[in-house]
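So in our numbering, spot 25 of the sequence shown is number 82, and the numbers just go up one at a time.
Backbone N, C-alpha and C fix where the C-beta goes; we use that ideal spot for every residue, glycine too.
Below you'll find the structure, written out as structure tokens, and then a few comments.
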Amino acid sequence: MKTRILLVEDDQRLAELTAEYLRKNDLEVTIESHGRAAEARIVDERPDLVILDVMLPGKDGFEICRAVRARYRGVILMLTARDEDFDQIFGLELGADDYIAKPVQPRLLLARIKALLRRAPTTPGSGAGENAAASGGTHSELAFGSFRISQATRSAHLGSDGIDLTTAEFDLLWLLARHAGSVLSRDDLLQELRGIGFDGLDRSIDARISRLRRKLGDDPENPTRIKTVRGKGYLFSKHDWQ
């Protein structure tokens, strides 16, 4: 079965050219140009991945992402204006899995789509070669006090409560937990998660860390569960999970 993609773009020529390229690479693509219709289709049709432009008639991409994120578990890749850091960060804070700047380079878009789909919940990671970082952990499951995270089921729990995570948030949280007690730089995290180095400007990791802290009940003013090590990166605590 082909991967199903919903391309939400109101520039008809751009949408058709993009869809044609993706179809030639064995992806099933449908197009939607109106924001309100896109929101309904995402929830009803549940495509494997949504390519979501920011500027749309009826409802913009940010509003759509906010509205569907709690009901749609698939991948959201946002199209943002080049050099608009605010668009990129805001989209990630609303639950987008990644972003790509317009004008879209087809080969880069395809590579990003493939990378996102490899990490999606329908394609569980192998966990090969990973070391358990906490007592009671296995290659695919880690536990720290009341916190548990499973690579096999791509789920995380704090006590008895499940934590609602996007694909990108889970990947970041798993990576941090797998290296609990060690500092990971933004460059480390971006290389592992997106295959690119930190250019000094990319704020995607910071935005996801902020969302994870809120979901983990971490104090944003004085975080203890995912700590910021100034000038170095982030550290997932082995403790502070009671």
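DSSP places THR285 in no alpha helix (DSSP H) but in the uninterrupted beta strand (DSSP E) bounded by 283-286. Under DSSP, LYS81 shares a beta bridge with no residue.
Contact between ARG126 and GLY152 holds: CB atoms are separated by about 4 Å, below the 8 Å threshold. Contact between the stretch 155-164 and the stretch 271-284 is absent: fewer than 3 CB-CB pairs across the two stretches fall below 8 Å. Below 8 Å, too few C-beta pairs join the stretch 216-235 and the stretch 116-124 to call them touching: fewer than three. Rounded to the nearest whole angstrom, the CA to CA distance from ARG251 to ASP244 is 10 Å. A Cβ-Cβ distance of about 5 Å is found for the pair LYS289 and VAL240, placing them in contact under the 8 Å criterion. When only Cα atoms are considered, VAL86 and LYS171 end up about 14 Å apart. A distance below 7 Å between beta-carbons, with the five flanking residues on each side excluded, links GLU226 to the following residues of its chain, in chain order: ARG265, ARG268, LEU269.
In terms of Cα proximity to LEU64, the closest of ASP83, ARG103, ILE108, ASP101 is ILE108.
Annotation: ASP110 is outside any alpha helix (DSSP H); the continuous beta strand (DSSP E) that includes it extends over 106-110. Residue ARG176 holds the alpha-carbon nearest to the alpha-carbon of LEU106 among ARG176, SER217, GLY219. Distance from the Cα of PHE201 is smallest, within the candidate group GLY216, ILE62, ALA209, for GLY216. Close CB contacts of LEU246 within its chain, under the 6 Å cut and outside five residues either way in sequence, are with ILE262 (chain order).
The alpha-carbon separation between ASN82 and SER242 amounts to approximately 35 Å. For GLY290, the enclosing beta strand (DSSP E) begins and ends at 290-293.
The criterion of a C-beta distance shorter than 8 Å is satisfied by TYR129 and ARG103. The beta carbon of ALA124 lies closer than 7 Å to those of GLU96 in the same chain, with the five residues before and after it left out.
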